[in-house]
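Novice: First the structure, which I've put down as structure tokens, then a few questions once you've had a look.
There are 2 protein chains.
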Amino acid sequence: MEIGNLHIDIEKVSHKTMADEVETKLLEYLKRKSFKPGDALPKEMELTAALGVSRNVLREALSRLRMLGLIETKKRRGMVLSSPDILGSMERVMDPLIIDDTTLQDIFELRLTLEMGLADILFLRKTKKDIEELEKIALQEKATRTKQNFRIKHEVDFHGKIYQMTGNRTLQRFQNMLLPIFGHLVNEEKVPIGGKVSHLDLVNLLKTGTREQFRQGMREHLEHHFQKLKK
Amino acid sequence: MEIGNLHIDIEKVSHKTMADEVETKLLEYLKRKSFKPGDALPKEMELTAALGVSRNVLREALSRLRMLGLIETKKRRGMVLSSPDILGSMERVMDPLIIDDTTLQDIFELRLTLEMGLADILFLRKTKKDIEELEKIALQEKATRTKQNFRIKHEVDFHGKIYQMTGNRTLQRFQNMLLPIFGHLVNEEKVPIGGKVSHLDLVNLLKTGTREQFRQGMREHLEHHFQKLKK
DNA sequence: AATTTTAATATGTAGGACATAAGTATTTAA
DNA sequence: TTAAATACTTATGTCCTACATATTAAAATT
Chain A
1 MEIGNLHIDI EKVSHKTMAD EVETKLLEYL KRKSFKPGDA LPKEMELTAA LGVSRNVLRE
61 ALSRLRMLGL IETKKRRGMV LSSPDILGSM ERVMDPLIID DTTLQDIFEL RLTLEMGLAD
121 ILFLRKTKKD IEELEKIALQ EKATRTKQNF RIKHEVDFHG KIYQMTGNRT LQRFQNMLLP
181 IFGHLVNEEK VPIGGKVSHL DLVNLLKTGT REQFRQGMRE HLEHHFQKLK K
Chain B
1 MEIGNLHIDI EKVSHKTMAD EVETKLLEYL KRKSFKPGDA LPKEMELTAA LGVSRNVLRE
61 ALSRLRMLGL IETKKRRGMV LSSPDILGSM ERVMDPLIID DTTLQDIFEL RLTLEMGLAD
121 ILFLRKTKKD IEELEKIALQ EKATRTKQNF RIKHEVDFHG KIYQMTGNRT LQRFQNMLLP
181 IFGHLVNEEK VPIGGKVSHL DLVNLLKTGT REQFRQGMRE HLEHHFQKLK K
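Dropping the structure here:
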């Protein structure tokens, strides 16, 4: 008899720790039972009994769910399910020095994609007041443009404001955590920012242009970033 | 003397547990020391000593970092830093029944934004082979379009393929976790999918059209979703 | 020198003990 | 009788000790 492809026939030994398994089981349990935020969960001792693990292991798993914002616990009252913070745990690990290069590149592209897709929501939600504030940022920038140190700050301020204008808090937070990554990947460049289309140009497009014109402007504004993308 | 605004003067009592603090301290420590993936970390006992907490508390914090993929541990060898999975923890909590409505809406918009921003990368990376596969999906859809049950599957297949064509694994995974949310928000609708621009139209735009034409087509394809966005 | 055996060590798991906060029941005082 | 003070109960938070287990390092054997 032939031996054949071993790692198809033999299941890889699971290096899973018990806390890992308990975590999975708890997540399954919460979803299967379709608990809603506010619902009370079983007590620790009941869970240890049901799962057949020590309180220690259980608490390591619960600690994870607590980090995800999935559960909240109070003394004596026990645990309740709560609405998780979907970005919270992502924020913790957003460090360009820790994340691998492929993912960094992916994130870079992700941000460009978002930036190009913003026009639709932006034109739906833009207000006169917001545009004025954006213009102020762009003008401030022009005044102090000589100083290299300020350039990054202005970049951040301007694009940050744009995301804020979408009224989408999640989008805003998301872009905020992408910033350090973006900064890390472009900080060595000495490319004069903006290219053909400056921030001020974008403001004007936002004021008087169409959605498509704005998008086209944004594309040209980001052109030198797109240039760097690999096929 | 005036009392004034209390909750500015008096710091809110921190309900933070020790595991929370240890987690923060560890994250700070890892970033400050600028450890790189592969570097060995101090042993549990050294950390308990340095932090002045029990091994139990420390392990609850470590358990979280382990979930984030930030650290890996092996018996006897200790712990090493590793490249975290930035989406992993997000995937765990992506459940439309648990996430609050505002965030759900945010996510919905986030996906639309991505979809509108895809054209640039798509036109950079599209290959003949991919387009053929996409066309196949679109044609298959046309053949079985009568059955309501298949509609969602086709939606998923088609748009999933598009994301895959970007060659961006993170983007792909991201869209994949957004799917259930999207599905949850639109499942009650009986709007005939596609509107003016069908999947097959999009394929043709991808084949012979320009980047901007494709984007315009995508916009019209998604038009009835955009219609639902609130100002 | 190569191989086997033994020892050492760091993490994984278990279980007991007590602290603490927050409800609940009971007693006390007006 | 009711309000306030007190004692009790309970579930989580923290600490500690002990031992299992895997894996590397050292020692012993051939």
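Heads up: the sequence lines are chains A and B, in that order.
Here UniProt numbering is used: position 212 in the first sequence is 212, and no number is missing along the way.
Here UniProt numbering is used: position 110 in the second sequence is 110, and no number is missing along the way.
The beta-carbon is built from N, C-alpha and C at its ideal position, and this holds for glycine as well.
I'd like to check one pair, Ser83 of chain A with Pro42 of chain A: are the Cβ atoms closer than 7 Å?
Specialist: Cβ distance not < 7 Å, so Pro42 of chain A and Ser83 of chain A don't count as in contact.
Novice: State the start and end residues of the unbroken beta strand (DSSP E) segment that holds Gly78 of chain B.
Specialist: From DSSP, the beta strand (DSSP E) with Gly78 of chain B extends over 78-81.
Novice: Counting along the chain, where does the alpha helix (DSSP H) carrying Thr73 of chain B start and finish?
Specialist: Per DSSP, Thr73 of chain B belongs to no alpha helix (DSSP H); it is in the beta strand (DSSP E), 71-74.
Novice: Using CA atoms only, rank isn't needed, just tell me which of B:Leu110, B:Met18, B:Leu81 is closest to Ile99 of chain A.
Specialist: It is B:Leu81 whose Cα lies nearest to the Cα of Ile99 of chain A.
Novice: Is it buried or exposed for Met67 of chain A, if we count other Cβ within 10 angstroms and need 16 for buried?
Specialist: So Met67 of chain A counts as buried.
Novice: When burial is assigned at 16 or more other CB atoms within 10 Å of the CB, is Glu60 of chain A buried or exposed?
Specialist: When all chains shown are included, Glu60 of chain A counts as buried.
Novice: Whole-angstrom Cβ separation of Leu178 of chain B and Val93 of chain A, contact assumed at under 8 Å?
Specialist: At roughly 20 Å, the Cβ-Cβ gap does not stay under 8 Å, so Leu178 of chain B and Val93 of chain A are not in contact.
Novice: Using a beta-carbon distance cut-off of less than 9 Å, what residues from the region 104-133 of chain A approach chain B?
Specialist: Listed in sequence order: Gln105, Asp106, Ile107, Glu109, Leu110, Leu112, Thr113, Leu114, Glu115, Met116, Gly117, Leu118, Ala119, Asp120, Ile121, Leu124, Arg125.
Novice: Nearest to Arg32 of chain B by alpha carbon, out of A:Met18, A:Asp85, A:Pro96, A:Lys74?
Specialist: It is A:Pro96 whose Cα lies nearest to the Cα of Arg32 of chain B.
Novice: Using a Cβ-Cβ distance under 7 Å, would Arg64 of chain B count as near chain A?
Specialist: So yes, Arg64 of chain B belongs to the interface.
Novice: If we define contact as Cβ-Cβ less than 7 Å, is Leu229 of chain B a contact residue for chain A?
Specialist: Yes, contact with chain A.
Novice: Whole angstroms are fine: how far does the CA of Arg76 of chain B sit from the CA of Thr166 of chain B?
Specialist: One C-alpha to the other measures close to 42 Å.
Novice: Pull up the DSSP beta-bridge partners for Arg40 of chain B, would you.
Specialist: Looking at the sequence shown, residue 40 of chain B is not Arg but Ala. In DSSP, Ala40 of chain B forms a bridge with B:Val80.
Novice: In chain order, what residues of the same chain lie with their CB nearer than 8 Å to the CB of Glu212 of chain B, ignoring the 5 residues before and after it?
Specialist: Taken in chain order, the residues that qualify are Ala119.
Novice: Looking only at C-alpha atoms, which of B:Glu72, B:Met45, B:Leu26 sits nearest to His15 of chain A?
Specialist: Out of B:Glu72, B:Met45, B:Leu26, B:Glu72 has the C-alpha closest to the C-alpha of His15 of chain A.
Novice: Could you work out which residues of chain B lie near Glu60 of chain A, taking near to mean beta carbons separated by less than 7 Å?
Specialist: Result: Arg59, Glu60, Ser63.
Novice: With H, G and I counted as helix, E and B as strand and the rest as coil, what does DSSP make of Leu179 of chain B?
Specialist: Three-state DSSP puts Leu179 of chain B in a helix.
Novice: When burial is assigned at 16 or more other CB atoms within 10 Å of the CB, is Asn168 of chain B buried or exposed?
Specialist: By the neighbour-count rule (16 or more Cβ atoms within 10 Å), Asn168 of chain B is buried.
Novice: In chain A, what lies closer than 8 Å to Ile162 of chain B by C-beta?
Specialist: Those within 8 Å of Ile162 of chain B in chain A number zero; the least Cβ separation is about 12 Å.
Novice: Please list, in chain order, the chain A residues whose beta carbon lies closer than 8 Å to that of Lys16 of chain B.
Specialist: Going along chain A, no residue has its Cβ under 8 Å from Lys16 of chain B, so there is no contact; the nearest lies around 11 Å.
Novice: From Lys207 of chain B to Ile131 of chain B, what distance separates their C-alpha atoms?
Specialist: If I take the Cα positions, the gap works out to 7 Å.
Novice: Fully enclosed by the region 81-113 of chain B, which beta strand (DSSP E) runs are 3 residues long or longer?
Specialist: Those beta strand (DSSP E) runs which fall completely within the region 81-113 of chain B and span 3+ residues do not exist here.
Novice: Can you check whether the C-beta of Glu11 of chain A is within less than 7 Å of a C-beta belonging to chain B?
Specialist: For Glu11 of chain A, the pLDDT reaches just 44, beneath the cut-off of 50, and the residue's location in the model is therefore unreliable, leaving the point undetermined.
Novice: Can you give the Cα-Cα distance for Val197 of chain B and Glu23 of chain B, rounded to whole angstroms?
Specialist: Each residue's alpha carbon lies about 50 Å from the other.
Novice: Compare the C-alpha of Leu134 of chain B against each of B:Gly117, B:Ile121, B:Glu155 and name the closest.
Specialist: If we check each option's Cα against that of Leu134 of chain B, B:Glu155 comes out closest.
Novice: Step through the CB atoms of chain A and report whether any lies within less than 7 Å of the CB of Asp201 of chain B.
Specialist: By this cut-off, Asp201 of chain B is not an interface position.
Novice: Residues in its own chain within less than 8 Å of Gly217 of chain A by CB, not counting five upstream and five downstream?
Specialist: Within the same chain, Gly217 of chain A has close Cβ partners Val197, Asp201, Leu202, Leu205, Gly209.
Novice: Of the residues B:Gly88, B:Arg125, B:Phe35, B:Glu109, which one's Cα is nearest the Cα of Ile162 of chain B?
Specialist: When each option's Cα is compared against that of Ile162 of chain B, the closest is B:Arg125.
Novice: Rounded to the nearest angstrom, what separates Gly117 of chain A and Asn187 of chain B at their Cα positions?
Specialist: So the two alpha carbons sit approximately 24 Å from each other.
Novice: Return no unless some Cβ of chain A is closer than 7 Å to the Cβ of Ser89 of chain B.
Specialist: Yes - at least one Cβ of chain A is within 7 Å of the one on Ser89 of chain B.
Novice: Using the C-alpha atoms, what's the distance from Leu229 of chain A back to Arg215 of chain A?
Specialist: So the two alpha carbons sit approximately 19 Å from each other.
Novice: Check whether the Cβ atoms of Thr170 of chain B and Asp106 of chain A sit closer than 7 Å, and answer yes or no.
Specialist: Yes, Cβ-Cβ distance for Thr170 of chain B and Asp106 of chain A is below 7 Å.
Novice: Figure out for me which residue from A:Tyr29, A:Arg111, A:Met45 has the closest Cα to the Cα of residue 234 of chain A.
Specialist: There is no way to answer for residue 234 of chain A, as the model of chain A reaches only from 1 to 231.
Novice: If you drop the 5 nearest sequence neighbours on each side, which residues of the same chain put their C-beta closer than 8 Å to that of Phe150 of chain B?
Specialist: The residues are Glu141, Thr144.
Novice: Give the secondary structure of His15 of chain A by DSSP, where H, G and I count as helix, E and B as strand, and everything else as coil.
Specialist: DSSP places His15 of chain A in coil when its eight states are reduced to three.
Novice: Can you pull the chain A residues whose beta carbon is under 8 Å from the beta carbon of Lys36 of chain B, in chain order?
Specialist: Correct list: Leu97, Ile98.
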